[in-house]
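Q: Before anything else, here's the structure in question.
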Amino acid sequence: MQTVSESPDAFASITIAAPALTLYGMVTDVARMGEWSPEATGASSVPEHLEVGSVFQGHNSRGPVRWTTTCTVRTAEPGVEFSFDVDSGPFPLSRWSYTFEETAAGTIVSERWWDRRDGVQGLAIKLGGQMLIPGSRAEHNAGTMRTTLAQLKRAAEAA
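Structure representation (structure tokens):
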């Protein structure tokens with residue numbers, strides 16, 4: 016397994032008036048991610064219980080372009096943290112992480128993204144991605160993360 020640095024390439028955080036376990040349950044219901052994310056549209060081949068090592072297919076879209084990735088769960092601590100690596104075939108793409116911290120004001124949900132596209136093949140993947148998302152992928156992801164967390168907040172607080 017490829018390691019990632021302590022500092023993510025993109026980060027967003029929000030406080031939600033809901034228990035950490037409830038929010039963890041929403042985030043780990045990865046087939047529902049399309050309800051919140053402007054880019055991830057959901058998932059398939061999801062095991063009944065996501066645990067470290069579980070694999071599922073993540074589905075994404077940007078405009079007319081659609082793609083599927085293989086996601087492998089790296090952390091699954093209910094109410095604390097959920098993270099997974101994203102790969103395209105044999106090529107590493109990214110790691111996503113959600114952490115949950117209960118406070119008096121609610122639960123702070125933080126979303127983090129690490130770019131794992133390294134080496135020559137990583138450069139080729141980055142160049143291909145530039146055609147789809149001009150500019151900084153980290154800045155793009157930080158924006159979509161803010162949208163995702165705001166939508167998660169609306170859904171959780173309306174329940």
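Note that my numbering numbers the sequence shown so that position 15 is 30, with each residue one more than the last.
By construction, the Cβ of each residue, glycine as well, lies at the ideal position given by its N, Cα and C atoms.
No experiment lies behind these values; they were computed from the predicted model shown.
Quickly, what does DSSP pair Q72 with across the bridge? List them, please.
A: Note: Q72 sits in a beta bridge opposite S59 and T85.
Q: Taking 8 Å as the cut-off, decide whether the C-beta atoms of S109 and F26 are in contact.
A: No, the pair does not count as a contact, with Cβ atoms beyond the cut-off.
Q: Can you look up E66 in the DSSP assignment and give me helix, strand or coil?
A: Coil, per DSSP.
Q: May I ask you to report which of helix, strand or coil DSSP gives A165?
A: Note: A165 maps to helix in three-state DSSP.
Q: Where does T118 land, buried or exposed, given buried means 16+ other C-beta within 10 angstroms?
A: When all chains shown are included, T118 counts as exposed.
Q: Roughly how many angstroms lie between the CA atoms of A55 and G121, to the nearest whole one?
A: The straight-line gap from Cα to Cα measures roughly 26 Å.
Q: Got a sec, what are the start and stop residues for the alpha helix (DSSP H) G40 sits in?
A: Segment A35 to T43, the alpha helix (DSSP H) holding G40.
Q: Is the beta carbon of G40 closer than 8 Å to that of G49?
A: Not a contact, by the Cβ cut-off of 8 Å.
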